[in-house]
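For the protein sequence lines, the chains are A and B, in the order given. Going by the working numbering, the first residue of the first sequence is number 211, and it counts up by one from there. Going by the working numbering, the first residue of the second sequence is number 131, and it counts up by one from there. Backbone N, C-alpha and C define an ideal beta-carbon position, used for all residues, glycine too.
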Amino acid sequence: MIETFASAIGHLMGNASYLGALIGGCLLGLFFGLLPGLGGTICLALLLPFTWNLDPIMVMYMFSGVMGSVMVGGSVTSILVNIPGTGGNLATIFDGYPMSRKGEAGRAIGIAGVASCLGGLFGIFWLLLLLPVVIKIIMSFAAPEFCTMILVGLIAIVVAARGNVLKGLSMGGVGMLLAFIGFSDTTGTTRYTGGLLYLWDGIGLIPFILGLFAISEVIMIVRRREAIAELGQDLPQHRWANTVDGFKTVLKHKVCFLRSSAMGTVVGIIPGIGGAVATLLAYTAEMQASKHPELFGTGLPEGVLAPESANNAKDGGALLPTVAFGLPGSAEMVMVLAAFIMHGFAPGPTLLKENIDLVVAPIIGITFSNLLSAFIVLAASMELAKVSTLQPYYVAPIVTVLCFVGVFAVRQEVLDIVLVVLLGFFGYGLRRAGFPIMPLVIGFILGGLFEHSLLQSLMISYGSYSIFLTRPIALGLIILSIILLVLPWVRGRASRRP
Amino acid sequence: MGERKGLEEAMKKVIRRSFPVLSLLILAFAMGIVLGAFQYDERSRMLPLIIGIPTLMMLLVLVLGETVFPRVVSRFDIDLLGVRRTETRQQPQGTSETRPTWTESQALVIIAGWLITFLILIVLLGYDIAIASSVLGFIRLYGKQSWLRSVLVAIGVWAFIFLVFRLFMDLHMFPGLLFGGKIIT
């Protein structure tokens with residue numbers, strides 16, 4: 211295996227077209243990650259038609275370049291302007307944006323860059339290390355396991371339910387209810403559309419996120435009449451100071467880093483779970499393990515480190531089910547799968563045996579792309595951090611235009627822009643009234659997935675809930691959910707005892 | 131001076147009243163989902179009811195708390211994990227931020243008006259005209275920047291969008307209802 215990797219790296223370094231494809235893909239991914247609403251999936255979908263006559267290995271390098279860098283780009287907008295560049299960057303804004311508000315945008319970018327880079331590398335390390343064990347577990351994953359895995363993710367609602375517990379939990383519930391709008395492929399019914407054809411596909415995730423985060427933030431910025439960084443920007447002494455700080459933070463919180471990257475890899479391997487769940491789980495676990503959970507959400511470095519380590523680590527893991535079984539681990543992997551098929555390769559054990567170069571190329575490509583994109587972001591962190599000091603009359607129109615165009619680019623639906631504006635006002639109202647937005651978004655993302663897997667599980671068991679108790683992994687995940695809920699309460703009581 | 135103060139008070143009243151209205155709207159939505167669930171078959175209504183009923187109850191407590199029993203809501207001003215009491219306890223009517231000042235209220239009206247105008251311009255005239263005119267208008271009127279700077283930023287933003295989305299991504303931007311665009315509802 212090591213020989214195969216060494217030979218593939220040598221091949222990459224000696225071939226200008228492979229290297230060019232990788233660097234080009236990396237720059238493109240970084241750019242798409244920076245644009246609100248446009249993630250790696252859209253970038254890969256746009257690239258796909260142009261690759262039909264290219265060398266398949268070159269295509270894999272180009273695609274992996276995009277996949278490895280898009281999360282890094284997305285983390286920048288999450289930190290600077292409260293817009294998660296991709297779903298996988300959602301948890302980064304919990305603490306990344308508060309750091310920007312405190313004038314620590316450069317530091318947050320430094321931590322995100324280093325965590326992304328090392329997270330990507332460790333993702334590959336964990337993948338190789340855990341592969342023999344994890345693969346057996348993953349093979350036994352069915353609807354009940356998916357359902358309980360999502361249940362663990364839903365615990366994040368509890369974590370994110372800051373402030374008033376009633377407001378937090380009710381927002382989580384409202385988020386889940388919003389996810390039920392539209393056509394359900396599990397039940398075959400169309401619900402709550404009010405006869406509108408537009409709502410047939412439900413509320414889109416991109417307009418939902420952009421409206422609640424970006425547009426409501428635009429309103430807040432204009433209302434405050436001041437730059438994002440309230441207290442001005444803490445500019446470091448030299449260009450690489452943020453990078454050094456990022457490394458120091460990773461070293462200081464090495465357990466958090468290792469745990470988050472391992473979680474990212476394992477979640478990545480499970481098909482259909484996605485980056486948002488990986489980062490939410492990593493953030494939740496970190497908060498639960500922390501001695502000072504009350505500081506999460508106020509601009510804590512670990513709050514940036516955990517999700518950023520997880521979201522890049524998951525890419526390596528997501529590759530495995532795609533190439534080994536033809537099961538895409540994420541939306542981006544659907545595009546990789548399409549590229550394989552377009553070039554006449556059927557993913558599966560045969561591909562692993564006969565075309566190992568094609569399998570190794572994206573693994574190496576993602577690793578290199580992680581390194582390169584993190585290097586670019588870290589090198590530019592001082593300049594990027596200055597965005598947080600821009601005056602609201604520049605930030606507001608530019609962010610709004612990018613959101614309006616970005617949201618239209620995804621589905622070419624004008625009504626998505628109307629929805630973005632409505633959700634922007636709704637998000638602003640929620641913030642003003644002290645309702646936390648994060649549980650709403652987590653509920654929305656996981657609500658549909660939860661219903662789908664729950665109904666599938668009940669179909670398998672002919673309506674019996676005992677299926678969740680008779681399958682060891684599902685039962686284990688239920689116990690884990692309970693532990694995640696109860697542990698901090700127990701610890702809190704123990705620490706209050708004299 | 132007195133007239134301005136009166137206007138300020140009126141504005142503050144409107145903003146203060148809007149918070150229970152928001153909770154009521156969310157409550158109405160949850161109620162709509164729960165009641166609407168009964169028209170679907172057993173499997174389709176299961177999750178909307180399982181999630182909807184507890185959500186509805188919590189929202190009901192919130193609305194009652196905000197309007198009739200403020201002390202009830204403040205009892206829940208704690209994280210579910212019990213790790214932190216919130217700042218909301220020190221503030222009236224469950225808001226986590228300070229009330230907007232008159233200038234902030236003005237800014238709110240400006241941004242709301244601008245967003246709606248931008249939206250209408252896109253729908254009627256399409257992206258190209260809407261982007262250029264909205265960015266120009268905002269920087270010139272709200273930012274009070276010079277004409278030259280406003281025009282340069284507006285052209286810069288439009289050119290970026292044109293290059294990336296139109297030329298590079300080959301995206302067909304909405305041309306506007308007046309120029310042949312159609313909206314399917």
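Within-9 Å CB hit, residue i to chain B
{"i": "Glu-661 of chain A", "result": "yes"}
{"i": "Val-282 of chain A", "result": "no"}
{"i": "Arg-681 of chain A", "result": "no"}
{"i": "Ser-671 of chain A", "result": "no"}
{"i": "Gly-634 of chain A", "result": "yes"}
{"i": "Gly-678 of chain A", "result": "Residue 678 of chain A is actually Phe in this sequence, not Gly. No, because no Cβ of chain B sits closer than 9 Å to the Cβ of Phe-678 of chain A."}
{"i": "Pro-602 of chain A", "result": "yes"}
{"i": "Leu-354 of chain A", "result": "Here the sequence assigns Pro to residue 354 of chain A, which means Leu is not the residue at that position. By this cut-off, Pro-354 of chain A is not an interface position."}
CB-CB length for residue i against residue j, believed under 8 Å
{"i": "Ala-492 of chain A", "j": "Ser-470 of chain A", "result": "4 Å"}
{"i": "Ile-289 of chain A", "j": "Ser-310 of chain A", "result": "6 Å"}
{"i": "Ala-549 of chain A", "j": "Phe-260 of chain A", "result": "Between Phe-260 of chain A and Ala-549 of chain A the Cβ distance is about 11 Å, and since that is not below 8 Å, they are no contact."}
{"i": "Ser-579 of chain A", "j": "Leu-258 of chain A", "result": "That belief does not hold up - the Cβ atoms of Ser-579 of chain A and Leu-258 of chain A are roughly 18 Å apart, past 8 Å."}
{"i": "Gly-329 of chain A", "j": "Glu-518 of chain A", "result": "6 Å"}
{"i": "Leu-361 of chain A", "j": "Ser-691 of chain A", "result": "5 Å"}
{"i": "Val-460 of chain A", "j": "Leu-249 of chain B", "result": "Actually they do not touch by this definition, with Cβ atoms about 43 Å apart."}
{"i": "Ala-595 of chain A", "j": "Gly-239 of chain A", "result": "Actually they do not touch by this definition, with Cβ atoms about 21 Å apart."}
{"i": "Val-570 of chain A", "j": "Ala-218 of chain A", "result": "4 Å"}
{"i": "Leu-656 of chain A", "j": "Gly-392 of chain A", "result": "About 16 Å separates the two Cβ atoms, so there is no contact after all."}
{"i": "Ile-293 of chain A", "j": "Leu-568 of chain A", "result": "Their Cβ separation, rounded to whole angstroms, is 35 Å, which puts Ile-293 of chain A and Leu-568 of chain A out of contact at 8 Å."}
Buried or exposed by the 16-neighbour rule on C-beta atoms within 10 Å, applied to residue i
{"i": "Asn-752 of chain A", "result": "Since the first residue shown for chain A is 211 and the last is 708, residue 752 of chain A is missing from the structure and cannot be characterised."}
{"i": "Phe-298 of chain B", "result": "exposed"}
{"i": "Thr-287 of chain A", "result": "buried"}
{"i": "Asp-626 of chain A", "result": "buried"}
{"i": "Arg-215 of chain B", "result": "The pLDDT assigned to Arg-215 of chain B is 45, lower than 50, so where the model puts this residue is not dependable, and the model offers no usable value."}
{"i": "Arg-175 of chain B", "result": "buried"}
{"i": "Met-386 of chain A", "result": "buried"}
{"i": "Phe-199 of chain B", "result": "exposed"}
{"i": "Thr-218 of chain B", "result": "Per-residue confidence for Thr-218 of chain B stands at a pLDDT of 37, beneath the threshold of 50, marking its modelled position as unreliable; no derived number is given."}
{"i": "Asp-455 of chain A", "result": "buried"}
{"i": "Val-597 of chain A", "result": "buried"}
{"i": "Pro-682 of chain A", "result": "exposed"}
{"i": "Ser-226 of chain B", "result": "Residue placement at Ser-226 of chain B cannot be trusted, given a pLDDT of 44 that sits under 50; what the coordinates show is reported in the next sentence. Buried, since its Cβ has 16 or more Cβ neighbours within 10 Å."}
Distance CB(residue i)-CB(residue j) smaller than 9 Å
{"i": "Ile-730 of chain A", "j": "Gly-644 of chain A", "result": "Residue 730 of chain A is absent from the structure shown; chain A starts at 211 and stops at 708."}
{"i": "Phe-356 of chain A", "j": "Ile-480 of chain A", "result": "yes"}
{"i": "Val-324 of chain A", "j": "Val-609 of chain A", "result": "no"}
{"i": "Gly-306 of chain A", "j": "Val-514 of chain A", "result": "yes"}
{"i": "Val-605 of chain A", "j": "Ile-252 of chain B", "result": "no"}
{"i": "Met-381 of chain A", "j": "Glu-542 of chain A", "result": "no"}
{"i": "Ile-527 of chain A", "j": "Leu-337 of chain A", "result": "As written in the sequence, residue 527 of chain A is Gly, which differs from the Ile given in the question. Yes."}
{"i": "Leu-190 of chain B", "j": "Val-164 of chain B", "result": "no"}
{"i": "Arg-641 of chain A", "j": "Met-430 of chain A", "result": "yes"}
{"i": "Gly-637 of chain A", "j": "Phe-423 of chain A", "result": "yes"}
{"i": "Ile-419 of chain A", "j": "Leu-256 of chain A", "result": "no"}
{"i": "Ala-451 of chain A", "j": "Met-473 of chain A", "result": "no"}
{"i": "Leu-561 of chain A", "j": "Val-533 of chain A", "result": "yes"}
{"i": "Ala-322 of chain A", "j": "Val-544 of chain A", "result": "no"}
Below-9 Å beta-carbon distance, residue i vs any chain A residue
{"i": "Phe-309 of chain B", "result": "no"}
{"i": "Arg-173 of chain B", "result": "yes"}
{"i": "Leu-293 of chain B", "result": "no"}
{"i": "Ala-242 of chain B", "result": "yes"}
{"i": "Phe-304 of chain B", "result": "yes"}
{"i": "Ala-160 of chain B", "result": "yes"}
{"i": "Ser-153 of chain B", "result": "yes"}
{"i": "Val-198 of chain B", "result": "no"}
{"i": "Phe-168 of chain B", "result": "no"}
{"i": "Thr-216 of chain B", "result": "Reliability of the predicted coordinates at Thr-216 of chain B is poor, the pLDDT of 44 falling under 50, and the value obtained from them is presented with this limitation in mind. It does; some Cβ of chain A falls within 9 Å."}
Top-ranked residue by Cα proximity to residue i, from the options
{"i": "Phe-614 of chain A", "options": "A:Tyr-604, A:Glu-427, A:Pro-417", "result": "A:Pro-417"}
{"i": "Ser-227 of chain A", "options": "A:Leu-240, A:Val-269, A:Leu-237", "result": "A:Val-269"}
{"i": "Gly-275 of chain A", "options": "A:Gln-498, A:Ile-574, A:Lys-462", "result": "A:Ile-574"}
{"i": "Val-617 of chain A", "options": "A:Gly-249, A:Thr-577, A:Ser-591, A:Ile-233", "result": "A:Gly-249"}
{"i": "Val-283 of chain B", "options": "A:Val-611, A:Val-476, A:Gly-637", "result": "A:Val-611"}
{"i": "Val-631 of chain A", "options": "B:Leu-189, B:Gly-243, B:Gly-273, B:Leu-266", "result": "B:Gly-243"}
{"i": "Leu-254 of chain B", "options": "B:Phe-304, B:Ile-269, B:Leu-278, B:Arg-279", "result": "B:Phe-304"}
{"i": "Gly-639 of chain A", "options": "A:Ile-425, A:Asn-292, A:Pro-308, A:Leu-364", "result": "A:Ile-425"}
{"i": "Gln-601 of chain A", "options": "B:Ala-289, B:Ile-269, B:Gly-310", "result": "B:Ile-269"}
{"i": "Val-287 of chain B", "options": "B:Leu-192, B:Ser-263, B:Ile-240", "result": "B:Ser-263"}
{"i": "Ile-607 of chain A", "options": "B:Val-294, B:Leu-157, B:Thr-247", "result": "In the sequence as presented, Ile is not what sits at residue 607 of chain A; that position holds Pro. Ranking B:Val-294, B:Leu-157, B:Thr-247 by Cα distance to Pro-607 of chain A puts B:Thr-247 first."}
{"i": "Lys-462 of chain A", "options": "A:Arg-434, A:Ala-516, A:Thr-577", "result": "A:Ala-516"}
Chain E contact for residue i (CB, 9 Å cutoff)
{"i": "Ala-289 of chain B", "result": "The chain inventory of the structure shown lacks chain E, comprising the protein chains A and B."}
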